[in-house]
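Engineer: Protein chains in written order, with this note's numbering: chain B, 1 to 474; chain S, 1001 to 1314. Backbone N, C-alpha and C define an ideal beta-carbon position, used for all residues, glycine too.
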Amino acid sequence: MAVAFDEMNGSDGDLRPAYQELSRWLKETPPDALEYRRQEAELLFRRIGITFAVYGDSEAQERLIPFDVIPRIISGKEWSLLEKGLKQRVRAINMFLRDIYHARDILRADIIPEDLIFQNPVFRPEMNGQDVPHDVYVHIAGIDIIRTEPENFFVLEDNARTPSGVSYMLENREIMMRLFPDLFARHRVAPVEKYPDELLSALRSVAPISASAEPTVALLTPGVYNSAYYEHSFLADKLGVELVEGRDLIVKNDEVFMRTTEGLKRVDVIYRRLDDDFLDPLSFRPDSVLGVPGLMSAYAAGNITLANAVGTGIADDKAVYSYMPEIVKFYLGEEPILKNVPTWRCREPADLAYVLDHLGELVVKEVHGSGGYGMLIGPAATKATIEAFRDKLKREPEGFIAQPTLALSTCPTCTESGLAPRHVDLRPFVLTGRDRVNIIPGGLTRVALKAGSLVVNSSQGGGTKDTWILDELS
Amino acid sequence: MLSRTAENLYWLARYVERAEYLARTIEATLRVTALPNAYIGKTNEWDSALLTAGVSASFYKIHKEADERNVVDYLSFAPENPSSIRNCIENARLNSRSVRTALTSEMWDTINSAWIDLQEIWGKGTKTREELNKFLRFVQEISLRFDGSAYRTMLRNDAYWFSRLGLHLERADNTARILDVKYHVLLPEEEHVGGPLDYYQWTSILRSVSALTAYHWVYRETLKPWLIADLLILNESLPRSLASCYSNLARNLDQIGVAYGRQGAAQRHARGVRNRLEHSNMNDIFQHGVHEFIQEFIADNGRLGEIIAKQYLI
């Protein structure tokens, strides 16, 4: 694997323009001052209670995601390219979902094989022919972006179900501004604090027709034991909407109400952070106690908007992902601005043969996996792991895709032996409302803290950084 | 507001208040048991501490006899005691997390910081008297800070009122329980049999409801059981008296009623209890029997809790 592109020092050690101020500042700042701020940041995170839970890890029920105090900087020019590409991608995803659950032109045009859709467990037949307000399915998308070269951005995953992490984008910024006011004064960093406002107006703009002029929005959480609970309560607070659990909601005559101290109150839009499977025990998993019985029938009656819509998983399935360039071209007639990582679909015999021959150099992922679990990173795996994976792959080829091991770009990061480059990715959040797609300049930068590691997931030892988009135009 | 939110706020305040009361009870008991036997006789003060905490039955399922070590442990740290200080704080934190959006950041910070600090103590317990005293002080400070931050930072709306309801209902219950356990030393004036023994019992009672100094300010008298009962039951100027708790409960429920434009059983019941306290005097209460009076009060107070739950929280 080639040496990774470093966002501060490039591939050749030449300081890149966006990092000039930071580099100067780092030279002026003694290392122990950085360490002191790092500890202060950790204390703040703990006091505020910004924690997440790792499932199956009872020792550490609430953990902090390590926060790295060195910001990741993206120039205004780079960002405007990303922004265009992300808007294009999300527009295409929404059109794709509308099509899949209605006319299915893309299947008739033979661009995507039918069985990939209809045999897919995340395809929701309940959504066939069901209209959603203003044809918006994915109101909130968290698109994972990786970079290999100055101009080379790839989409790694389109998270179109219930993407999380936006609270870190907002809280990381708050904490950085508290700890490093002078560093901010030396940059023009685009603010991110408008995100909750933009989210709320996007959600209200897609209220059902039967809603009042002032639609009521609520945020549905699985509860305090969910790994992202902090984020749910944080967002509800910033949005100024009720944070509800399934048991707070009740469906009567196909309308959704919340139980309040003054009786029942109608809800029009639910920003749900609960997976499809658990939404309504009458329609999906009957053992779900987290959901709301009858919710899907209120949804079918058009009395409630769910954000994101039910059935959006079909758009971020890793096998469907491989068709995304074609999807963009098909619906928009444009060349995709953001690249896809080349992907082998193991369901296709020729691809499978190639993958089996090259397991040692590829990354193999489960089609429905997430969080970095169940994945094989060939170059980092032992022989035994590779062989075990080979068996799994042969048994159920349609469950996997493979991609080349890309050298994710690196950013300077605090480590025990001083500043050192670590691999990063980026998850910007794309909001879609009635008549516009909107992206707050920023996102969540995840960093793999272990030297050489490419796994940035917080459940597996990844950390986060504040992401600065330089506002150079003003 | 969501019924669940109101319920969480209500219980959050109850847990914090209970933790403080337990800490005070332990502190007062430690003081009285430190006296030579000649002053307090052979009564088992640790046994009454369990009774006032309402956990006597569950304690004796595990332990044969009550002594300082096992009672302090049971009331402070025992995970198996649902209302140990530890469980109160753990539950308070859990409730706070579920209703973070309804708390001010100051309130959240109080509970969360205390919870973080206490994790260490849960692990190793307290080894010395000094450590124990420090811990008991700390617990009382949590409730002062929590209460203070609620008072200073919360909007005066239903969230605040539900939290106050929890506080005063729990407080009334605690004061009534201590009276219930110690009623036998609160004898009417003419039957005065007090010796040094009762004297220290009385100061112990007053200490557990932080009213020892208040007593002297209000009555400017030496300790008399008759007046102690008057202070704790009928004197509205003492924040932990039954009368004060009910004047607050009735007022907070009225505020909720006005805000929602509707009165109900909870308002009527609270007003009923308050009126009874307002129109009682110690003479009547002793005639009727202090024990019976307190028993009735505890039942009435419990009923108010049920009515509030039914009217607003479910």
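Using 8 Å as the cut-off, can you tell me whether the stretch 1119-1136 of chain S makes contact with the stretch 1092-1108 of chain S, which would need three or more C-beta pairs spanning the two stretches below that distance?
Structural biologist: Verdict: no, contact absent.
Engineer: In chain B, which residues lie with their C-beta within 7 Å of the C-beta of S:THR1101?
Structural biologist: Simply SER233, ALA236, ASP237 and LEU243.
Engineer: So what's B:LYS84 in DSSP terms, helix, strand or just coil?
Structural biologist: B:LYS84: helix per DSSP, three-state reduction.
Engineer: Output the residue ranges of the alpha helix (DSSP H) runs that lie fully inside the stretch 1217-1295 of chain S and measure 4 residues or longer, sorted by chain position.
Structural biologist: DSSP runs (the alpha helix (DSSP H)) wholly in the stretch 1217-1295 of chain S: 1225-1233, 1242-1260, 1265-1278 and 1282-1288.
Engineer: Could you tell me which chain S residues have their CB closer than 8 Å to the CB of B:GLY49, listed as they occur along the chain?
Structural biologist: By Cβ distance, chain S contributes ARG1097, ARG1100, TRP1108 and ASN1112.
Engineer: Can you tell me whether DSSP reads B:LYS329 as helix, strand or coil?
Structural biologist: Looking at B:LYS329 - three-state DSSP - the assignment turns out to be helix.
Engineer: Can you list, in chain order, the residues of its chain with a C-beta nearer than 6 Å to that of B:PRO281? Leave out the 5 residues immediately preceding and following it.
Structural biologist: The residues are SER288, GLY291 and PRO293.
Engineer: Can you name, in chain order, every residue of its own chain whose Cβ lies under 7 Å from the Cβ of B:PRO342, other than the five neighbours on each side?
Structural biologist: For B:PRO342, where only same-chain residues beyond five positions count, the Cβ hits under 7 Å are GLN403 and PRO404.
Engineer: So B:VAL256 packs on B:ALA298, CB below 8 Å; how close in whole Å?
Structural biologist: Going by Cβ atoms, the distance from B:VAL256 to B:ALA298 rounds to 5 Å, so yes, they are a contact pair.
Engineer: Could one say the Cβ of S:ARG1004 lies closer than 8 Å to chain B's Cβ atoms, at least one of them?
Structural biologist: Output row for S:ARG1004: interface = yes.
Engineer: Counting only Cβ-Cβ distances shorter than 8 Å, please list the residues of the stretch 343-375 of chain B near chain S, keeping chain order.
Structural biologist: Hits within the stretch: zero.
Engineer: Classify B:ARG104 as helix, strand or coil using the three-state DSSP reduction.
Structural biologist: Coil.
Engineer: So, are the CB atoms of S:ALA1066 and S:PHE1077 less than 8 Å apart?
Structural biologist: Against a cut-off of 8 Å, the Cβ pair of S:PHE1077 and S:ALA1066 comes out as no contact.
Engineer: Tell me the residue span of the beta strand (DSSP E) that contains B:CYS346.
Structural biologist: From DSSP, B:CYS346 is part of no beta strand (DSSP E); its letter is neither H nor E.
Engineer: Could you pull out every residue in the same chain whose Cβ sits closer than 6 Å to the Cβ of S:THR1029, ignoring the five residues on either side in sequence?
Structural biologist: Contacts found: GLU1045 and ALA1049.
Engineer: Provide the residue span of the beta strand (DSSP E) that contains B:PHE184, from first to last.
Structural biologist: Where B:PHE184 is concerned, there is no enclosing beta strand (DSSP E), although the alpha helix (DSSP H) it sits in stretches over 181-185.
Engineer: Given that S:ILE1308 touches chain B, what residues does it touch there, using C-beta distances under 9 Å?
Structural biologist: The premise fails here: S:ILE1308 is roughly 10 Å from chain B at the closest Cβ pair, so nothing lies under 9 Å.
Engineer: Can you name the residues of chain S whose CB is closer than 8 Å to the CB of B:MET258?
Structural biologist: By Cβ distance, chain S contributes LEU1002.
Engineer: Can you check whether the CB of B:TYR323 is closer than 8 Å to the CB of B:ILE111?
Structural biologist: Contact flag set, yes.
Engineer: Among the candidates B:SER453, B:PRO181, B:ALA319 and B:ASP351, whose CA atom is the shortest distance from the CA of B:PHE123?
Structural biologist: Closest option to B:PHE123, Cα to Cα, is B:ALA319.
Engineer: Quick check: is the beta carbon of B:GLU262 nearer than 8 Å to any beta carbon in chain S?
Structural biologist: Yes, its Cβ sits closer than 8 Å to a Cβ of chain S.
Engineer: B:ASP425: buried (16+ other C-beta within 10 angstroms of its C-beta) or exposed?
Structural biologist: Per the 10 Å Cβ criterion, buried.
Engineer: Identify every residue that forms a DSSP beta bridge with B:PRO17.
Structural biologist: BP columns for B:PRO17 are empty, so no partner.
Engineer: Only counting the same chain, and skipping five residues up and downstream in sequence, which positions put a Cβ closer than 6 Å to that of B:GLY360?
Structural biologist: GLY378, listed in sequence order.
Engineer: Are B:GLU416 and S:TYR1260 touching if we call contact CB-CB under 8 Å?
Structural biologist: Cβ atoms of B:GLU416 and S:TYR1260: not closer than 8 Å.
Engineer: In whole angstroms, what separates the C-alpha of B:GLU174 from that of B:ASP254?
Structural biologist: When rounded, the distance between both Cα atoms is 42 Å.
Engineer: Taking C-beta pairs closer than 8 Å, name the residues in chain S that B:VAL206 reaches, listed in chain order.
Structural biologist: Correct list: empty, because the minimum Cβ distance to chain S is about 23 Å.
Engineer: Taking Cβ positions, are B:ASN340 and B:PHE154 nearer each other than 8 Å?
Structural biologist: A contact, by the Cβ cut-off of 8 Å.
Engineer: For the alpha helix (DSSP H) containing S:GLN1311, name the first residue and the last one.
Structural biologist: Careful: S:GLN1311 lies outside any alpha helix (DSSP H) and carries neither H nor E.
Engineer: If you measure beta-carbon to beta-carbon, which residues of the stretch 1259-1280 of chain S are closer than 7 Å to chain B?
Structural biologist: So the list reads TYR1260, given in the order they occur along the chain.
Engineer: Please confirm whether B:VAL206 and B:VAL251 have their CB atoms less than 8 Å apart.
Structural biologist: No. Outside cutoff.
Engineer: Measuring alpha carbon to alpha carbon, tell me which residue in B:GLU472, B:PRO421, B:ILE401 and B:GLY433 is nearest B:LEU156.
Structural biologist: Nearest option by C-alpha distance: B:ILE401.
Engineer: Is it buried or exposed for S:ARG1024, if we count other Cβ within 10 angstroms and need 16 for buried?
Structural biologist: Burial call: buried.
Engineer: Please list the partners that B:ARG104 has in chain S, where partner means a Cβ-to-Cβ separation under 7 Å.
Structural biologist: In chain order: nothing, as chain S lies at least about 41 Å away.
Engineer: Starting from the beta carbon of B:ASP248, find every residue of chain S whose beta carbon is closer than 8 Å, and list them in chain order.
Structural biologist: Result: LEU1002, SER1003 and ARG1004.
Engineer: Short of 8 Å in beta carbon distance, which residues of its chain neighbour S:ILE1085, apart from the five on each side in sequence? Order them along the chain.
Structural biologist: Once the five neighbours on either side are set aside, the close Cβ partners of S:ILE1085 are ALA1019, LEU1022, ALA1023, LEU1075, SER1076, PHE1077 and VAL1139.
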